[in-house]
Amino acid sequence: MPATGTPHPDRLLPPDPALRPIARRLYEAVRDAPIVSPHGHVDARVLLDDAPFADPASLLVTPDHYVTRLLHADGVPLELLGRRPAGVASSPPSEAEARAIWQRLCERWTRFRGTPVRWWLEHELADLFGVDEPLSAASAERTYDAVAARLAEPAFRPRALFRRFRLDVLATTDDPCDDLAAHAALQAAGFSVRPTFRPDPYLEPGRPGWPAHLTRLAKAADTDTGTAAGLVEALSVRRRHFIENGATASDHAHLDAGTEPLSASEAERIHRSARAGTATPAEAAALRRHLLLEMARCSCEDGLVMALHAGVLRGHHGPTTERFGPDTGHDIPVRLELTRSLRPLLERFGTVHGFHLVVFSTDETVWSRELAPLAGFYPSVYAGVPWWFLDAPDAIRRFHEAVTETAGFSRLSGFVDDTRAFCSIPARHDMARRIEAGTLARLVAEHRLGEDEAAEVAAGLVSQARTAFKL
Amino acid sequence: MPATGTPHPDRLLPPDPALRPIARRLYEAVRDAPIVSPHGHVDARVLLDDAPFADPASLLVTPDHYVTRLLHADGVPLELLGRRPAGVASSPPSEAEARAIWQRLCERWTRFRGTPVRWWLEHELADLFGVDEPLSAASAERTYDAVAARLAEPAFRPRALFRRFRLDVLATTDDPCDDLAAHAALQAAGFSVRPTFRPDPYLEPGRPGWPAHLTRLAKAADTDTGTAAGLVEALSVRRRHFIENGATASDHAHLDAGTEPLSASEAERIHRSARAGTATPAEAAALRRHLLLEMARCSCEDGLVMALHAGVLRGHHGPTTERFGPDTGHDIPVRLELTRSLRPLLERFGTVHGFHLVVFSTDETVWSRELAPLAGFYPSVYAGVPWWFLDAPDAIRRFHEAVTETAGFSRLSGFVDDTRAFCSIPARHDMARRIEAGTLARLVAEHRLGEDEAAEVAAGLVSQARTAFKL
Amino acid sequence: MPATGTPHPDRLLPPDPALRPIARRLYEAVRDAPIVSPHGHVDARVLLDDAPFADPASLLVTPDHYVTRLLHADGVPLELLGRRPAGVASSPPSEAEARAIWQRLCERWTRFRGTPVRWWLEHELADLFGVDEPLSAASAERTYDAVAARLAEPAFRPRALFRRFRLDVLATTDDPCDDLAAHAALQAAGFSVRPTFRPDPYLEPGRPGWPAHLTRLAKAADTDTGTAAGLVEALSVRRRHFIENGATASDHAHLDAGTEPLSASEAERIHRSARAGTATPAEAAALRRHLLLEMARCSCEDGLVMALHAGVLRGHHGPTTERFGPDTGHDIPVRLELTRSLRPLLERFGTVHGFHLVVFSTDETVWSRELAPLAGFYPSVYAGVPWWFLDAPDAIRRFHEAVTETAGFSRLSGFVDDTRAFCSIPARHDMARRIEAGTLARLVAEHRLGEDEAAEVAAGLVSQARTAFKL
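Protein chains in written order, with our numbering: chain A, 199 to 669; chain B, 199 to 669; chain C, 199 to 669.
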């Protein structure tokens with residue numbers, strides 16, 4: 199792309215001359231379809247306030263751990279990328295600092311070759327900001343100026359971009375105690391911004407802040423959380439609040455996908471120990487798995503789709519977590535197990551009409567071995583498309599090849615951008631559509647699918663998130 | 199395919215113009231070679247009786263869990279697909295029921311896009327039944343009628359199809375107590391239908407019915423099974439009966455591939471506990487691993503090829519198992535380990551002349567990591583080609599890429615259809631031959647193999663099952 | 199290749215007409231670049247002595263377990279391939295024996311179809327020895343004679359080949375007690391042959407010979423190894439000796455990648471037990487992990503790059519190890535875990551300036567799941583390119599696809615030939631360059647990279663080992 203300065207219209211489509219024309223036709227038919235974004239980390243308040251974005255660095259570099267992690271690996275300390283130490287109020291950079299951060303990115307831009315960050319950011323710069331000069335030490339100042347100038351224009355404020363991106367629905371990720379006032383106001387203003395119920399810290403009795411979380415939740419739900427049953431009840435109250443404010447899904451991220459139940463008395467015993475700070479790590483994990491199962495039970499009752507993102511060890515580098523807090527680029531995947539872990543949940547709820555469980559994995563090995571076989575039998579299970587680390591062209595191709603032979607296309611979750619980088623949303627969905635077109639073109643060229651069928655599947659994949667996430 | 203109504207002659211061959219002509223030549227040279235089917239689940243009695251198949255639904259839908267599982271995932275209860283509750287005698291559907299089942303399949307036929315079920319069934323319908331109208335709600339009645347009409351013709355009775363399929367050898371899977379009268383009669387009638395010794399339930403002291411199995415076996419073998427040594431002796435007697443009736447292989451499916459031996463006294467102690475119903479799950483597993491090792495010892499003595507299909511958790515959804523029994527589409531793979539698990543067996547028997555151990559896996563990760571390295575050193579180990587869930591075009595390609603760089607082509611098992619769906623056998627073997635031709639064409643086009651060599655390898659792969667399974 | 203008798207100039211480049219011309223241009227620009235070989239098993243004494251290689255069999259067959267293992271799988275006992283029983287002095291074969299060994303290879307040459315051994319050896323035979331007749335039973339005598347004739351020429355002595363191979367640097371693998379006189383003499387003679395510090399047996403308190411190793415080390419380092427602290431100090435002394443003799447790296451191969459520290463007192467306690475032969479396997483492993491962490495601490499101080507090759511179970515077939523010793527072709531990979539195992543090490547040293555940790559894996563599953571995420575955050579971690587069993591065209595392609603989307607190209611180790619087969623070095627590096635060119639050509643043809651950028655990356659990959667291994 200930098201070779202020409204303009205993103206190529208056929209980019210990411212298969213180069214094989216027997217495939218590209220088919221892929222192009224399939225892609226073009228879905229290119230301009232509205233975007234459904236069922237899971238991500240955009241802050242609803244940004245859209246509510248609709249203030250101009252501050253500067254290129256604090257928009258495109260500092261908050262995006264995809265970007266900062268590779269710069270960190272290349273030797274740049276996080277503080278030189280705008281990260282504030284934990285406990286220090288997050289402050290916008292001065293213009294000089296913002297320019298220096300941008301300069302650091304540009305100087306190391308070659309390090310991103312082959313990564314989707316390169317892809318997303320160049321797509322954004324070209325399509326959104328009209329910047330098609332390659333990033334480099336030499337072009338840093340000019341590209342900074344160009345982006346900064348655009349950010350000052352009304353057309354680049356968050357709500358204008360929301361419309362320009364053709365975002366039909368955007369789901370955020372929210373704390374159960376959130377009052378969701380921002381979402382309510384946005385919906386009243388005609389923006390379909392939906393909250394997602396994310397109770398992780400309330401389900402982790404082994405984490406230091408857990409008792410304080412219980413206290414906050416008790417207040418928000420006006421329900422005693424001093425027992426395990428009360429905790430579930432309080433969460434259930436807040437789920438209803440979320441549903442009233444447009445939520446269709448809960449989202450869960452834990453180290454493993456275990457869902458083994460405890461007896462009521464054992465759950466209460468561990469709950470007491472954990473509040474007293476005396477539960478063992480194994481007990482805390484057992485209670486967490488029990489509570490996750492309870493969340494599935496709630497889903498069967500209240501209809502929230504349950505999304506599960508397991509198998510990532512958070513905060514791998516303790517010193518960095520201590521200094522800069524979470525989400526600083528060193529959450530690292532571990533092996534994931536689903537067959538045994540989800541069995542208690544699926545034996546109870548796997549065939550309950552209307553229950554949806556969308557399962558994501560950063561461990562590719564479960565795709566063909568466990569996830570596709572589960573999604574190919576249980577009406578509740580949807581195979582989550584590649585998430586984090588794997589939300590890239592080749593990985594998405596591998597996912598399709600690993601999953602669809604067993605589960606077909608109707609059991610997929612639809613593409614999930616999972617991003618904090620608001621401006622990258624169109625680039626990410628466009629990438630997915632191009633890869634899907636390429637995958638389907640191959641099936642057509644191998645005479646495994648008619649092109650008319652492939653076009654139906656391509657359109658179905660774009661709207662599949664509506665089905666899986668009940669949007 | 200539905201776009202044209204007739205399967206394309208080049209289907210599944212690589213679309214790359216540099217590869218397809220090579221692949222076509224390689225495929226055409228093996229297309230019409232007779233079929234060797236060394237492992238599958240066709241019932242010998244069907245061939246013995248040679249009665250016409252009842253109707254399209256009970257032939258092509260109800261008994262095939264590949265088909266029913268994806269319909270179940272799409273919301274169709276198994277009872278609406280002809281499954282009878284466990285304990286209820288399996289009865290053929292009325293014509294109305296059969297038509298309703300077929301209708302359900304046709305209405306949901308789009309759900310199978312991208313799966314090998316789509317591939318196999320359309321191949322069968324077109325090649326065998328002359329039905330090339332795409333399946334859909336609209337065509338359900340016509341396609342049912344067309345298939346049903348054919349099934350009434352003499353040319354569509356089991357033995358006629360056996361000959362039409364050019365089946366050189368068909369191995370079935372049989373209980374050690376089976377008298378094998380059906381096999382004997384078929385062999386006398388000129389059909390090479392060979393039994394396979396499948397002793398799984400006799401080797402699983404942890405399963406409820408185990409003591410009853412021992413009693414049945416004791417009777418069949420006229421040998422006391424009240425000790426572990428007696429059990430092995432009784433199995434050995436029945437192995438001889440199988441060999442006398444044409445068997446060349448035993449087949450074993452357990453949750454793991456462990457083969458750690460026990461001392462004789464420990465084996466007897468657990469055997470006693472298990473008969474009394476007091477063995478722990480760990481003890482029962484230990485005795486099973488010991489018995490599996492004993493089966494390998496028997497193989498070294500009596501020459502039966504040992505086929506091992508480990509790593510699948512059977513009956514994942516308890517309520518469905520309880521209602522409909524086993525093999526109802528929710529056996530789900532788990533991680534498999536071979537290096538340590540098979541070590542006790544391979545240290546003892548891995549280099550014994552004439553011993554064959556064919557190892558299959560539904561966990562792709564062992565292919566390059568463990569299976570190819572084992573098959574590339576031990577003369578006894580053959581790398582089983584993709585089985586269940588992975589017996590599909592892209593998965594077979596991945597298998598070839600993962601295994602042959604380490605083990606070459608001479609250490610593979612040859613294709614195994616592993617099917618209960620008699621009519622799908624030609625379609626499955628044809629699929630394998632097309633994929634093999636494509637894999638080899640790529641090696642030729644990358645100048646890693648001469649085309650003359652590739653042709654030799656392609657022919658070798660078609661007859662490889664004869665070598666691996668001693669047929 | 200045998201079809202034509204001459205290696206095709208485009209071999210291994212992608213056949214797709216949209217890719218091949220790009221790949222060819224990228225490859226040609228790096229084809230003749232000097233070779234940097236940062237890790238391998240060539241014996242420095244061979245280069246020091248510079249004696250002619252004895253004969254084709256003892257050069258190309260007997261010592262190369264890639265070759266002997268597949269012949270063994272095909273039924274040839276190792277003694278018929280020139281392996282001497284352990285304890286028997288390794289003696290060169292008589293001419294008759296060498297011819298017989300070569301004959302056995304040639305008769306079974308078809309078994310190597312699809313493997314890199316086929317590729318490497320035919321490349322060597324054609325490019326180096328001018329033999330382009332395909333190997334077969336019929337050609338065995340002629341090809342033996344042709345190679346043998348060449349080996350007698352001065353141009354085929356080790357030092358002449360070193361220059362002909364354009365070997366800029368060759369790193370060997372050496373015992374910490376080695377005096378490195380051979381390396382010193384070679385460096386004085388103008389050959390950049392660098393030792394690598396390989397302390398494995400000194401770090402394995404669970405292995406039988408450990409106390410004897412401590413004694414030898416104490417003498418070599420003139421340091422008491424009777425305590426754990428003393429052992430680390432002695433290793434540190436020898437590391438300095440290695441550095442003085444040109445070493446830039448240490449190399450470590452253990453069953454797992456664990457690095458959990460012990461308290462000083464616990465380390466000393468286990469050290470005492472292990473010397474007395476009373477440490478449990480778990481204690482011995484714990485001390486080994488502690489010592490590996492100490493080696494990383496040393497690296498932070500003395501600057502040696504730390505290379506880690508974990509996850510292979512050595513000597514799988516006990517009877518063969520007993521008869522023929524180690525490295526006889528039955529080391530078999532097991533599952534590898536990095537995220538948790540390396541965490542203690544990376545929390546302490548992962549961001550230390552100048553520390554390099556190069557991590558290899560024979561378990562592909564860690565590539566995208568653990569290795570790329572680690573290398574994409576920690577400035578110290580380099581993703582080791584495919585090693586052993588996976589150092590083959592398709593596996594290297596899979597590696598690039600699995601790792602570079604997360605970590606880019608700058609975090610790779612560069613190609614490592616890891617070979618004992620001196621004459622295969624150019625063929626191996628040539629293979630890597632061709633595969634890299636193909637990978638990059640695909641990115642260009644998919645418009646993910648400009649061709650000018652791809653050319654920079656290709657050149658960078660060839661010299662990347664200099665960066666990762668500080669050469």
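For every residue, glycine included, the Cβ atom is placed at its ideal position computed from N, Cα and C. What you are looking at is a predicted structure, and each value in this text was computed from that prediction instead of being measured.
It is roughly 11 Å from the alpha-carbon of S539 (chain B) to the alpha-carbon of E568 (chain B). Nearest neighbour of F354 (chain C) by Cα position, chosen from C:Y225, C:R618, C:H528 and C:A249, turns out to be C:A249. Within the DSSP bridge table, the entry for Y580 (chain C) names C:V556 as partners. Taking C-beta separations shorter than 6 Å and ignoring five residues to either side along the sequence, the partners of L378 (chain B) in its chain run P393 and N443, following chain order. For V655 (chain C), the uninterrupted alpha helix (DSSP H) run begins and ends at E649 to A666, by DSSP.
For R541 (chain B), a Cβ of chain C is located within less than 8 Å of the residue's own Cβ. The beta carbon of F310 (chain C) sits closer than 7 Å to those of L268 and R316, all from its chain and outside the five residues before and after it, given in chain order. Interface with chain A (8 Å Cβ-Cβ cutoff): D214 (chain B) is included.
The C-beta distance from A369 (chain A) to S235 (chain A) rounds to 6 Å, short enough to fall under 8 Å.
Rounded to whole angstroms, R438 (chain A) and C498 (chain A) show a C-alpha spacing of 13 Å. Burial state of R640 (chain C) is buried, judged by a 10 Å Cβ sphere holding 16 or more other Cβ atoms. Taking 8 Å as the cut-off, the beta carbon of V259 (chain B) is found no closer than this to the beta carbon of W318 (chain B). By the beta-carbon neighbour count (other beta carbons within 10 angstroms, threshold 16), H551 (chain B) is exposed.
The beta carbon of V228 (chain B) sits closer than 7 Å to those of R631, A656, A657 and V660, all from its chain and outside the five residues before and after it, given in chain order.
The C-beta of T313 (chain A) comes closer than 8 Å to at least one C-beta of chain C. Going by DSSP, L365 (chain C) is part of the beta strand (DSSP E) stretching over L365 to A369. Counting along the chain, A590 (chain C) sits inside no beta strand (DSSP E), nor does DSSP assign it H or E at all.
DSSP lists no bridge partner for I220 (chain C).
By alpha-carbon distance to G238 (chain A), the top candidate from A:Q662, A:T665 and A:R626 is A:R626. The Cβ atoms of S256 (chain C) and P212 (chain C) do not sit closer than 8 Å to each other.
V532 (chain C) sits in coil when the DSSP states are folded into three classes, being neither helix nor strand. Within 10 angstroms of the beta-carbon of G388 (chain C) lie fewer than 16 other beta-carbons, which makes it exposed. The DSSP assignment places 263 to 271 and 293 to 305 as complete runs of the alpha helix (DSSP H) inside the segment 256 to 319 of chain A, in order along the chain (cut-off: 4 residues). Sequence-distant partners of G527 (chain B) (beyond 5 residues in either direction) whose C-beta falls short of 7 Å from its own C-beta, in its chain, are H263, T266, R267 and H270. Residue pairing by DSSP places S448 (chain A) opposite A:F395 and A:M504 in a beta bridge. S288 (chain B) counts as exposed, since fewer than 16 other C-beta atoms from the protein chains shown sit within 10 angstroms of its C-beta. Among the residues of the segment 597 to 617 of chain C, those with a Cβ less than 7 Å away from any Cβ of chain A are E599, T602, E603, T604, G606, F607, S608 and R609, in the order of the chain. Residue contact with chain B for L669 (chain C): absent (no Cβ-Cβ distance below 8 Å to any residue of chain B). Against chain B, the CB of L211 (chain A) has no partner CB under 8 Å away; the residue lies outside that interface. In this structure E351 (chain C) is exposed. Its beta-carbon is surrounded by fewer than 16 other beta-carbon atoms within 10 angstroms. Under DSSP, S235 (chain B) shares a beta bridge with B:L368.
Not one beta carbon of chain B lies nearer than 8 Å to the beta carbon of V234 (chain C).
Annotation for V329 (chain C): L323, T341, A344 and V345 place their beta carbon closer than 8 Å to its own, counting only its chain and skipping 5 residues before and after. Between A494 (chain A) and T457 (chain A) a beta carbon distance of about 7 Å is seen, short of the 8 Å cut, so the two are scored as contacting. DSSP lists C:I530 as the beta-bridge partner residues of L511 (chain C).
In the structure shown, L610 (chain B) adopts extended strand secondary structure according to DSSP, grouped into three states.
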